[in-house]
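One structure is given below, encoded as structure tokens.
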Amino acid sequence: MIRVVLPFHLRTLARVNDEVELDVGGGVVTQRSVLDALERAYPMLRGTIRDHVTQERRPFLRFFACETDLSHESPDEPLPAAVAGGTEPFLVIGAIAGG
Amino acid sequence: MSGVRVLVGTRKGAFTLTSDGARRSWEVSGPHFAGWEIYHVKGSPADPNRLFASQSSGWFGQLIQRSDDGGQTWAPVDNKFAYDGVAGTHQWYDGTPHPWEFKRVWHLEPSLTDPDTVYAGVEDAAMFRTTDGGQSWHEMSGLRRHGSGPHWSPGAGGMCLHTILIDPTNAKRMFIAISAAGAFRTEDGGDTWQPINQGLRSQHIPDPTAEVGHCVHRLAMHRSRPQVLFMQKHWDVMRTDNGGDSWREVSGNLPTDFGFVIDVHAHEPETIYVVPIKSDSEHFPLDGRLQVYRSKTGGDTWEPLTKGLPQKDCYVNVLRDAMAVDSLDACGVYFGTTGGQVYASADAGDSWSPIVTNLPPVLSVEVQTLS
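If you read the protein sequences in the order shown, they are chains A and B. In terms of our numbering, the numbers along the first sequence are unbroken and rise by one, the last being 1484. In terms of our numbering, the numbers along the second sequence are unbroken and rise by one, the last being 373.
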């Protein structure tokens, strides 16, 4: 299972209290496969992390894992083995900005 | 037993304020969607328990929430607002072409007769419609594809479609307004549109009488006279008696005719309300005195309404969607401020009192009259 940590507002929207666990199926675990699985499990999150049309990461969100900023990696790049293996979470982080 | 429910959108959530017909004591519920910008909340005239809310955030984009129990519980519906076909370009602040980009929903206007049909006015300016209660949204692209579209440009607040008025006698006839393109009318349910800006005069554009380019802040209509519209333009309060074919200025003796809101008394079609704001450079009331102005003659002659409103050291603004009326007798009038106050008058504006005083900045106020 893949572990995903969402920012506060998306946890509220998805009505989850803690990190979520996802079965992304077989194959290589990538940002795209994780986010696809996340949006299948929680359809209300569609459009909140990735733009509906372009599927690009929303500008004020970042993707971290294993103490690394993966935000600018290709969405089809394999995620670290620790994320794929479920020992480390994939983190969706809201930029610290605004009021 | 009659009552009212005031739907308030703020920078940090939505609130509902409810009272009985006396409108003296209020129950406050919220924040709903705490921490999110709620540009607009509005109920269906056909089913008052069905509410729609525009929820947005710079981080997470746009959501639409729907309630089927008068705001006690909410559930997200479809939030995909995709422009129809190739989006094309409009004019940017510097005059260069700029791609149409969806930013947020400013205004939700439910059908007068069908609780599943809602119109959405969005930034960058376009109109969307759902006919399945929000499960899917589709652009009514005839508006954006009007020949003038590439010449539309944003106002300081963005290029927003902020007003949608439906003719109660003919649902295919609607009026909309865009900052800073102007007002438009459709006679065929939204397939085709025509600009209705003749008579507007805007000094801040190269041709002050251009077909489009006017910064219309708000339109208002009385349901008994859909041919008569009132407009708060950037500067100038305007009136049309022929469905927008021509406008004339009715600012009259207003101390300043800059402002955002305008609304019409529920039972007196010639009684209208505005909140004069000092200028487009200073978005607060004149002399720190918050005053609603009322005209009982459809414009030209105005009287200040100050009883119960702060008359010194008040430097709030009242944004374009933040005034509404109920249909009780006497007519109730409501408005919200960027200082977080929502004021109510249960006597058509003669006197005012705050319902709440410390909300986040108020973006919109709507009222449902409940029976």
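Beta carbons are placed, not taken as given, at the ideal position from N, Cα and C, and that holds for glycine. Computed from a prediction, not measured in an experiment: that's the story for all the values here.
Residues near residue i in its chain [Cβ-Cβ closer than 8 angstroms; skip 5 each side]
i: B:D349; result: A332
i: B:P287; result: V277, P278, I279, K280, Q293, C316, Y317 and V318
i: B:S150; result: A183, P197, E213 and V214
i: A:M1386; result: E1406, L1407, D1408 and G1471
i: B:Y85; result: W102, F104, A128, E141, S143 and R146
i: B:H269; result: S329, D331 and C333
i: B:I166; result: H109, E111, Y121, G123, M129, M176, F177 and I178
Reduced DSSP secondary structure (H/G/I, E/B, other) of residue i
i: B:P33; result: strand
i: A:M1386; result: coil
i: B:A268; result: coil
i: A:E1404; result: coil
i: B:M142; result: coil
i: B:Q200; result: coil
i: B:T132; result: strand
i: B:H100; result: strand
i: B:D323; result: strand
i: B:L256; result: coil
i: B:F337; result: strand
i: A:H1457; result: coil
i: B:S329; result: coil
i: A:L1396; result: The sequence shown places Arg at residue 1396 of chain A, not Leu. If DSSP states are grouped into helix, strand and coil, A:R1396 belongs with the helices.
i: A:R1417; result: helix
i: A:A1480; result: coil
i: B:P152; result: helix
Rounded straight-line distance, which links the Cα of residue j to that of residue i
i: B:V8; j: A:V1414; result: 48 angstroms
i: B:V120; j: B:V43; result: 12 angstroms
i: A:A1450; j: B:H148; result: 47 angstroms
i: B:A127; j: B:G90; result: 12 angstroms
i: B:T258; j: B:M233; result: 15 angstroms
i: A:D1403; j: A:L1391; result: 8 angstroms
Residue-level contact to chain B via CB, residue i, 8 angstroms cutoff
i: A:F1475; result: no
i: A:H1457; result: no
i: A:V1438; result: yes
i: A:G1479; result: yes
i: A:L1395; result: yes
Same chain only: Cβ atoms within 7 angstroms of residue i, ignoring 5 sequence neighbours per side
i: B:A36; result: K14 and G15
i: B:D134; result: D118
Within-8 angstroms CB hit, residue i to chain A
i: B:F54; result: no
i: B:S31; result: no
i: B:S138; result: no
i: B:A84; result: yes
i: B:A62; result: A quick correction: the sequence has Phe, not Ala, at residue 62 of chain B. Chain A contact via Cβ: present.
i: B:S373; result: no
i: B:N81; result: yes
i: B:P78; result: yes
i: B:W38; result: yes
i: B:S2; result: Past the boundaries of the shown model lies residue 2 of chain B; chain B is included only from 3 to 373, so the question cannot be answered.
Beta-carbon proximity list for residue i, same chain, < 6 angstroms, skipping 5 on both sides
i: B:K314; result: G290
i: B:T188; result: M176 and W195
i: B:L307; result: V294, R296 and G351
i: A:F1475; result: V1389, V1419, A1450 and V1468
i: B:A326; result: Y336, V367, E368 and V369
Check: residue i C-beta below 7 angstroms from any heavy atom of the ligand ADP
i: B:T242; result: Because no ligand of any kind appears in the structure shown, any question about the ligand ADP cannot be addressed here.
Practice item. Let me know the alpha helix (DSSP H) ranges lying completely inside the region 12–80 of chain B, each 4 residues or longer, listed in chain order. Key: Listed in chain order, there is nothing to give.
Review point. In chain order, which beta strand (DSSP E) runs of at least 3 residues are fully inside the region 208–235 of chain B?
Key: Here the runs fully enclosed are 218–223 and 231–235.
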